[in-house]
Structure formats: C-alpha cells, structure tokens
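**Q** Residue numbers (the working numbering): 45 to 231.
Cβ atoms here follow ideal geometry from the backbone N, Cα and C, with glycine treated the same way.
I have a structure here, written as structure tokens, and I will follow up with some questions on it.
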C-alpha cells in the first residue's frame with residue numbers, strides 16, 4: 045500500500061457499517077507506537093479517518109461504533125488521543141470470565157473437537173488448576189485461551205489413545221475411553 049490508500053480503505057470499511065453497528069476489536073492496536081516504524085503513518089491515517097467518522101456519527105447518531113478490547117490498552121488509547129476522549133461517550137466494562145465460565149467454554153470446545161470429547165469428573169480439578177494458572181498471566185485471553193487449551197489437551201489425549209492402540213494390551217478401547225479427557229491428559 046501507499047500513504048493515502050489507508051484513509052480511503054478505512055473510510056470505505058466504516059461507510060459499509062453506516063446505519064448499523066461497527067465493532068472494532070482491539071482498536072488500540074491502531075495507536076501503538078512502534079518506535080518510528082514505517083507503518084505508523086498508515087496507522088495514523090486509519091485513526092484520523094476513524095475520528096472523522098466518529099465526529100460525523102456523533103452529530104447524526106445513525107451508527108453505533110464499539111471499540112472493544114482489553115481495558116488497560118483501550119483506556120490508554122482513549123487518554124492518549126484527545127480526538128478519542130471527546131468522541132467516546134460511554135465506556136462499558138465487563139468482568140473477566142469466572143473459572144466456572146472458563147471451564148464451561150473449555151468443555152464446549154472439547155465437544156466441538158474432532159472427535160468430540162468430554163471431560164471426566166476427575167479431570168475437572170486439573171482443568172480448573174490450568175485455568176487459574178492461565179488467568180494469572182497478563183495476556184490471558186478468556187475464550188481464545190480456552191480454545192487453545194482445548195486443542196492442546198485434545199492433542200495430548202489423542203497421543204495417549206494412539207499409544208494405547210500401539211500397546212495392544214488386549215484391552216478393548218471403547219468409545220467412552222476414546223472420547224474422554226482424563227487427568228492423565230493434563231500431566
């Protein structure tokens with residue numbers, strides 16, 4: 045791309061959402077200073093165009109624009125640019141998911157896995173422990189991290205099942221064994 049093109053493309057994208065709801069997830073990425081990186085001029089074009097659009101929409105009230113993301117970077121973005129602070133009328137804060145909500149999301153991803161999996165009762169404590177550890181990290185991503193955890197655990201589980209098949213111990217591998225995530229899969 046070239047300087048000037050970003051403003052045009054940004055305006056086109058914003059106009060497509062006019063008279064509706066526009067969701068800009070992780071909008072603060074547009075204002076991150078990367079120490080003079082060559083793409084800062086592109087980012088500034090996008091921000092300028094977004095601010096012009098927000099000003100127009102503030103007057104007409106035809107469009108709802110939602111800037112979504114993590115609280116701290118969003119607040120920093122809004123405070124760092126006077127254009128945002130004068131155009132962002134409402135801030136709505138959502139609590140992070142509880143451990144139980146994360147567990148439910150995790151189980152949902154297990155159910156959607158190929159093959160579909162369920163979590164054994166004895167494995168729930170291991171899952172909660174893993175979730176608590178993940179939530180203590182600054183970059184915890186709620187549902188996204190539950191998806192990543194589910195993929196990881198399903199891969200470990202599948203490897204365990206393959207080893208059981210190769211072992212040929214004579215034990216029958218039932219559908220329940222094949223589809224159940226156990227505490228072993230968390231170790």
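#1: Would the region 94-103 and the region 122-140 be scored as touching if the rule is three or more Cβ pairs under 8 Å?
#2: Mapping DSSP to helix, strand and coil, what is residue 71?
#3: I want to know whether the region 160-179 touches the region 223-230 - three or more CB-CB distances under 8 Å.
#4: If you drop the 5 nearest sequence neighbours on each side, which residues of the same chain put their C-beta closer than 6 Å to that of residue 51?
#5: Quick one: any contact between the region 64-71 and the region 106-123, if contact means 3 or more CB pairs under 8 Å?
#6: If I measure Cβ to Cβ from residue 187 and keep anything under 6 Å in the same chain, skipping five residues before and after, which residues do I get?
#7: Jot down the residue ranges of each uninterrupted alpha helix (DSSP H) in the region 153-189, minimum 4 residues, whole runs only, in chain order.
#8: Which residues in the same chain have their Cβ closer than 8 Å to the Cβ of residue 80, if we skip the five residues on either side of it in sequence?
#9: Across the region 176-193 and the region 136-146, are there enough close Cβ pairs to call them in contact, namely three or more that are closer than 8 Å?
#10: Select from 194, 219, 158, 156 the residue whose C-alpha is nearest the C-alpha of residue 168.
#11: Keeping to the same chain, check which residues put their C-beta closer than 6 Å to that of residue 33; ignore five residues upstream and five downstream.
#12: Please report the straight-line C-alpha distance between residue 198 and residue 69, rounded to a whole angstrom.
#13: To the nearest angstrom, how far is it from the Cα of residue 113 to the Cα of residue 215?
#14: Residue 87 and residue 98 - do their beta-carbons sit closer together than 7 Å?
#15: Could you check where the beta strand (DSSP E) with residue 111 kicks off and where it finishes?
**A** Looking at the coordinates:
#1: Yes, since at least three Cβ pairs between the region 94-103 and the region 122-140 fall closer than 8 Å, the two stretches touch.
#2: DSSP places residue 71 in helix when its eight states are reduced to three.
#3: Yes, the region 160-179 touches the region 223-230.
#4: Result list for residue 51: 89, 93, in chain order.
#5: Touching, yes.
#6: Around residue 187: 149.
#7: Whole alpha helix (DSSP H) segments, 4+ residues: 168-179.
#8: Because residue 80 carries a pLDDT of 47, less than 50, the predicted location of this residue cannot be relied on, and no value is offered for it.
#9: Three or more beta-carbon pairs separated by less than 8 Å link the region 176-193 to the region 136-146, which places the two stretches in contact.
#10: Minimum Cα distance to residue 168 is reached at 194.
#11: In the structure as shown, the chain begins at 45 and stops at 231. Residue 33 is therefore absent and cannot be evaluated.
#12: Their backbone Cα atoms lie some 28 Å apart in a straight line.
#13: Just so you know, the alpha carbons of residue 113 and residue 215 end up roughly 49 Å apart.
#14: At least 7 Å separates the beta-carbon of residue 98 from that of residue 87.
#15: Element bounds for residue 111: 108-112.
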